[in-house]
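In the working numbering, each number is its position in the sequence shown, counted from 1, plus 1.
Data first, discussion second: the structure below is written as structure tokens.
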Amino acid sequence: MSLQVQKDWLVRNFELNPWQLFLVGWRLIVSEIGWNFTRMFRQWEIRQMKKRLDQEKLKLAEAVMAGTSGRLEDLGLKDKDPDLDLVLGQVSFLEEEIAHLENELTSKRSAFLENRKARYLGQKT
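What follows is the structure in structure tokens.
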């Protein structure tokens with residue numbers, strides 16, 4: 002659908018004069034800029050958590066290597082090492098948090114678009 006067709010459709014269906022249509026366009030642009038700032042900061046947070054996850058995995062590898070003296074046959078780890086448990090818990094937590102943040106960002110974008118449709122176009126899906 003071309004821009005002119007969309008504009009004509011909006012004017013016909015919502016009886017917007019050109020000035021109102023201009024204002025709606027600017028509101029859409031400003032809301033998209035706001036969304037981009039939100040997305041940018043959330044992605045920065047996710048990148049920081051991924052870096053932290055990499056650090057925890059490195060600590061995990063070091064703890065496993067220290068606990069097994071570098072021998073593969075010692076990987077049974079019968080004796081629980083509290084440091085190893087702590088690192089495993091941290092790795093698990095960070096993986097879950099990263100997945101949660103990525104899913105939340107996707108769902109917020111969908112809600113943002115639905116809200117915008119309802120607000121500016123009167124559409125509810």
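Think of the CB as a built atom: it goes at the ideal place given N, C-alpha and C, for glycine as much as any other residue.
Note that this is a predicted model, so its numbers are computed, not measured.
* To do: Please look up how many angstroms separate the CB atoms of A64 and L85, rounded, as I've assumed it's under 8 Å.
  => 5 Å
* Which of helix, strand or coil DSSP assigns to N104 -> helix
* Mind reading off the beta-carbon distance from R110 to S32? Whole number of angstroms is fine, and I expect it under 8 Å. => Actually they are not in contact, since the Cβ atoms of R110 and S32 sit about 12 Å apart, beyond 8 Å.
* Asked: CB-CB under 7 Å to Q5, same chain, minus the five flanking residues each way: which ones, in chain order?
  -> none
* **CB contact below 9 Å: I30 versus chain B** => Absent from the structure is chain B; it holds one protein chain and no more.
* Asked: Shortest alpha-carbon distance to L114 belongs to which of L22, L87, W20 and N37?
  -> N37
* **Closest residue to Q56 among V92, F23, H101 and Y121 (Cα-Cα distance)** => V92
* Using the C-alpha atoms, what's the distance from G35 back to L54? -> 29 Å
* Asked: Between L95 and I47, which are expected to be in contact by the criterion C-beta below 8 Å, what is the C-beta distance as a whole number of angstroms?
  -> Their Cβ separation, rounded to whole angstroms, is 11 Å, which puts L95 and I47 out of contact at 8 Å.
* **C-beta contact flag for L106 and Q49 at 9 Å** => no
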